[in-house]
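A quick write-up on the structure given underneath.
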Amino acid sequence: KYYLKISFPTLTIFFLTFLNLFISNNFFDFGQLFVFQAIFFWLLYLPKFIPLYIILIAGILQDIIYISPVGTTALVFLLLIFLFEKYNKIFLEPSFFELFVSFIILFTLGVIILWALNSLINLKFLLININFFYEILLNTFFFPINYFFLHLCFKKLNLNKKL
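Going by my numbering, the first residue of the sequence shown is number 5, and it counts up by one from there.
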């Protein structure tokens with residue numbers, strides 16, 4: 005039970021990775037940065053249970069799934085984590101609305117950085133199509149659902165208690 009508790013944040017990150025893979029093949033695509041929803045949540049509540057190498061592995065896995073240059077998503081995740089930590093020091097007890105707005109800003113910035121990085125790697129500006137905005141809108145819509153689901157698990161597993 006103890007090991008399930010300490011590995012639950014990592015399990016949810018990889019679960020969302022494979023859920024996105026399944027959903028994108030059958031319904032709609034959340035995009036490469038969908039996993040950032042779980043990373044954002046766990047960095048907020050249990051940062052000590054999300055080691056950096058797990059985030060790097062998740063980013064590389066996303067690159068393999070989306071057939072993009074290996075390391076680009078991991079680099080974007082690292083940049084977003086750096087920005088999140090700066091944000092987190094400013095607000096001690098943010099409300100859900102503040103978290104939601106900060107997630108939208110960070111996610112949108114992440115999508116733009118990922119596009120710019122891929123454009124730089126390809127040595128040409130990649131086209132921005134409707135999927136770019138669709139991905140941002142879809143993740144904005146599903147973030148509250150994922151947040152409340154993860155928060156429910158957080159409370160039910162008593163992860164807020166000392167482990």
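We put the beta carbon where it would ideally sit given N, CA and C, even for glycine.
Grab the span of the alpha helix (DSSP H) containing Leu-142 for me, first residue to last.
-> 134-160
Where does Gly-75 fall in DSSP's three states?
-> coil
Which residue's Cα is closest to the Cα of Trp-119: Phe-107, Ile-108 and Ile-132?
-> Ile-132
Top-ranked residue by Cα proximity to Leu-39, from Asn-143, Phe-158, Ile-68 and His-155 | Strictly speaking, residue 39 in this sequence is Val, with Leu absent from that position. With distances taken between Cα atoms, Val-39 lies closest to Asn-143.
Give the straight-line distance between the Cα atoms of Ile-69 and Leu-25, rounded to the nearest whole angstrom.
-> 8 Å
For Thr-21 and Leu-79, believed in contact at Cβ under 8 Å, the rounded distance | That belief does not hold up - the Cβ atoms of Leu-79 and Thr-21 are roughly 17 Å apart, past 8 Å.
Ordered along the chain, which non-local residues of its own chain (more than five positions away) have a Cβ less than 7 Å from that of Ile-117?
-> Val-80 and Leu-83
Beta-carbon proximity list for Asn-150, same chain, < 6 Å, skipping 5 on both sides = Gln-41
Mark Ile-4 as exposed unless 16 or more other C-beta atoms lie within 10 angstroms of its C-beta, in which case mark it buried.
-> The first residue shown for the chain is 5 and the last is 167, placing residue 4 beyond what the model contains.
Can you give me the start and stop residues for the alpha helix (DSSP H) that Phe-95 sits inside?
-> No alpha helix (DSSP H) holds Phe-95; DSSP gives it neither H nor E.
Report the option in Gln-36, Phe-100 and Phe-107 whose CA atom is closest to the CA atom of Val-74.
-> Gln-36
So, are the CB atoms of Ile-140 and Val-115 less than 8 Å apart?
-> yes
Please list, in chain order, all residues of the same chain as Thr-2 whose beta carbon is under 8 Å from its beta carbon, the five residues on each side excluded.
-> Absent from the structure is residue 2, since the part of the chain shown begins at 5 and ends at 167.
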